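K.L.:
My questions will all concern the structure given below.
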Amino acid sequence: MTNDSEILCIGSVLWDVIGRSSAHMRAGSDVPGRITMVPGGVALNIAMGLSRFGITPTLLSAVGRDAEGDRLVELCRSMGLGTGLLYRSDDLPTDRYMAIEGGNGLIAAIADAHSLEMAGDKILGPLADGRLGSADTPYRGQIALDGNLSSDLIAQIATSALFAAADLRIAPASPGKAERLMPLIAHPGATIYVNLEEAGLLLHAPMPDAAGAAAALLGRGAYRAVVTDGGRMAAMAGPGGLVEASPPEVLVTRVTGAGDTFMAAHIAAERRGEMPDPALRTALAAAAAYVSGDVPS
Numbered sequence: 001m002t003n004d005s006e007i008l009c010i011g012s013v014l015w016d017v018i019g020r021s022s023a024h025m026r027a028g029s030d031v032p033g034r035i036t037m038v039p040g041g042v043a044l045n046i047a048m049g050l051s052r053f054g055i056t057p058t059l060l061s062a063v064g065r066d067a068e069g070d071r072l073v074e075l076c077r078s079m080g081l082g083t084g085l086l087y088r089s090d091d092l093p094t095d096r097y098m099a100i101e102g103g104n105g106l107i108a109a110i111a112d113a114h115s116l117e118m119a120g121d122k123i124l125g126p127l128a129d130g131r132l133g134s135a136d137t138p139y140r141g142q143i144a145l146d147g148n149l150s151s152d153l154i155a156q157i158a159t160s161a162l163f164a165a166a167d168l169r170i171a172p173a174s175p176g177k178a179e180r181l182m183p184l185i186a187h188p189g190a191t192i193y194v195n196l197e198e199a200g201l202l203l204h205a206p207m208p209d210a211a212g213a214a215a216a217l218l219g220r221g222a223y224r225a226v227v228t229d230g231g232r233m234a235a236m237a238g239p240g241g242l243v244e245a246s247p248p249e250v251l252v253t254r255v256t257g258a259g260d261t262f263m264a265a266h267i268a269a270e271r272r273g274e275m276p277d278p279a280l281r282t283a284l285a286a287a288a289a290y291v292s293g294d295v296p297s
C-alpha cells in the first residue's frame, strides 16, 4: 500500500451551484439574490471540513476530464486534498448540484450525480488493486461514504471484503437517497449520520425526536447512529449508550453543506480523543458556525 491519507472520502465530488436570497420563498417565487458556483458534493464537503481540522483526506470519486473537472481537481489540490486516486473519465461529464435557498431554508435542490453512478465500482479500484488495500488485506482506516453512489454499488460495498475492516462513516446525501443505505445499516464498523427525516425513512416510520430515532436505528442493527434535527436536540446512540446535546442558537444564513460540516467535525473530534458527549457538542458548534456564515464555503 502506498497511500498516506488519514481518511478516505468516497462519493460525490462536483460543483455546487447555489442561489441564495434573504427573502422567504415558496414555489414559483422570483426574488433577487446571489448565485455562486463552488466545489461541493457530500464527499468533497466532508473532505474540505476535515482539512480545516488539520486532517488529510483522499478523494475516491468520478470527475470528468472536461474543463470543469480540471478546474475542480486543481482547486481540491490547492486545498491539500488527495486527488491522485480519482477516476477521471473521458466520456462522463463532471457532476453538478443545484439548490435554491431562501430566508426560510432550502426551497429546492437537484443533485446530478449521474457520472458518479455510471462510473460504478471503477472509483473503488484503489481499494482492490493494492494501492489502498485488497480483498486479502482490506483497508483498515476511516472511510467517509456518501449515499450518492448507486444502490447497486452500496449493496456491493455492504458485503465486500474490501470494507470489512474499515471504520465506516456514512452520510445519506439527501432524504431522497436515504433508503439506499439500508444494506449498510448492519455493517459492524459503521456509524450512520442522518437527520430526523432521513432516520424516519430508514425506519419506515416518522420519529418524534433524535434520541428515539438513534435508539431505533440501533434496534434495526446499526452499530452506531448519530441523528440531528436542525436547531433541536441531536443524539448519538452506540455501544456506550445514548447521549444528547442541543445545538447553539444562531442566525441561519445557509443550509447546504451543514450536515457534511457536522459529520467532519464529529470525526475530527473523535480522532482527537473526545468522548461521546463533548464530541457531539463540538460537531453541533461547528455546524452552527457554518450555517451562520462564520465558516467560509
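Residues in the sequence shown are numbered consecutively from 1, following UniProt numbering.
Positions of the beta carbon are idealized from the N, C-alpha and C atoms, including for glycine.
On a predicted model such as this, the values are computed, not experimentally measured, just so you know.
1. Would you grab the beta carbon distance between Thr261 and Ala287 for me? Rounded to a whole angstrom, and I think it's under 8 Å.
2. With contact counted as at least three CB pairs below 8 Å, one residue from each stretch, are the region 124 to 141 and the region 91 to 103 in contact?
3. Taking DSSP as the reference, what is the three-state secondary structure of Met263?
4. By alpha-carbon positions, which one of Ala222, Gly259, Glu179 and Thr137 ends up nearest to Ala190?
5. Scan the region 129 to 214 and note each continuous beta strand (DSSP E) run of 3 residues or more that stays entirely inside, going in chain order.
6. Go to Met48, then tell me how far its alpha helix (DSSP H) extends in each direction, as first and last residue.
7. Quick one: measure Cβ to Cβ for Ile110 and Leu60, integer angstroms, because I've assumed they're closer than 8 Å.
8. Between which two residues does the beta strand (DSSP E) holding Gly293 run?
9. Check whether the region 84 to 94 touches the region 34 to 42, counting contact only when three or more Cβ pairs, one atom from each stretch, lie closer than 8 Å.
10. Going by DSSP, what residue range makes up the beta strand (DSSP E) through Leu106?
11. Give me, in chain order, the residues of the same chain whose beta-carbon lies closer than 7 Å to that of Leu201; leave out the 5 immediate sequence neighbours on both sides.
12. In chain order, what residues of the same chain lie with their CB nearer than 6 Å to the CB of Asp16, ignoring the 5 residues before and after it?
13. Nearest to Met118 by CA position, among Asp95, Asp229, Ser292 and Leu132, is which residue?
14. Are Ala211 and Ala171 touching if we call contact CB-CB under 9 Å?
15. Under 7 Å Cβ to Cβ from Arg20, same chain only, skipping five residues before and after it: list those, please.
16. Please confirm whether Leu162 and Ala43 have their CB atoms less than 9 Å apart.
17. Can you give the Cα-Cα distance for Asp229 and Arg71, rounded to whole angstroms?
18. Quick one: what's got a C-beta closer than 6 Å to Cys76's C-beta in the same chain, skipping five residues either side?
19. What is the residue span of the alpha helix (DSSP H) that Asp121 lies within?
20. According to DSSP, which residues form a beta bridge with Leu92?
21. Report the rounded CA-to-CA distance for Gly293 versus Ile18, giving the unit in angstroms.
22. So, are the CB atoms of Ser151 and Gly120 less than 9 Å apart?
P.N.:
Reading from the atomic positions:
1. 5 Å
2. no
3. helix
4. Ala222
5. 142 to 146, 167 to 171 and 190 to 195
6. Val42 to Arg52
7. Not confirmed; about 24 Å, so no contact.
8. Careful: Gly293 lies outside any beta strand (DSSP E) and carries neither H nor E.
9. no
10. Gly105 to Asp112
11. Pro175, Ala178 and Glu179
12. Val38, Gly40 and Tyr97
13. Asp95
14. no
15. Gly33, Arg34, Glu101 and Arg254
16. no
17. 35 Å
18. Thr83
19. Premise fails: Asp121 is in no alpha helix (DSSP H) and is neither H nor E.
20. Beta-bridge pairing links Leu92 to no other residue.
21. 14 Å
22. no
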